[in-house]
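Here's the structure, in structure tokens; my notes come after.
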Amino acid sequence: MDAGTDKVFYCPHCHRPLYDHDALRCLYCGERLDIKAGALSLLKWRKIRVFIVILVLFVVLAFVLLMVF
Ligand SMILES: [Zn+2]
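So the working numbering is basically just the index in the sequence shown, starting at one, shifted up by 8.
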């Protein structure tokens with residue numbers, strides 16, 4: 009199945025079209041292609057971190073309320 013052939017991925021370094029989405033390095037300039045994946049994981053990590061912060065704040069707030077009453 010060639011579902012990915014219509015999607016052209018451009019190298020962030022030399023901006024040449026790449027058709028292999030699983031390639032770790034650019035065919036033309038040899039630079040690593042993990043920038044897109046890194047940004048995606050960073051965004052995901054930020055969302056998780058925000059969620060953890062809210063959760064911790066909620067737990068602390070609940071604990072303080074428990075101590076007060
Ligand atoms: Zn390149």
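We put the beta carbon where it would ideally sit given N, CA and C, even for glycine.
Every value quoted in this text rests on a predicted model; they were computed, and no experiment measured them.
Burial state of residue i, where buried means 16 or more other Cβ atoms lie within 10 Å
i           : result
cysteine 19 : buried
leucine 41  : buried
Chain-order list of residues whose beta-carbon lies under 8 angstroms from that of residue i (same chain, five-residue window excluded)
i            : result
histidine 21 : Cys34, Cys37, Glu39
Contact set for residue i: own chain, Cβ-Cβ below 7 angstroms, skip 5 residues either direction
i         : result
valine 16 : Pro25, Tyr27
### Query
Mind listing, in chain order, the residues whose beta carbon lies closer than 6 angstroms to a non-hydrogen atom of ligand 1?
Cys19, His21, Cys22, Arg24, Cys34, Tyr36, Cys37, Glu39
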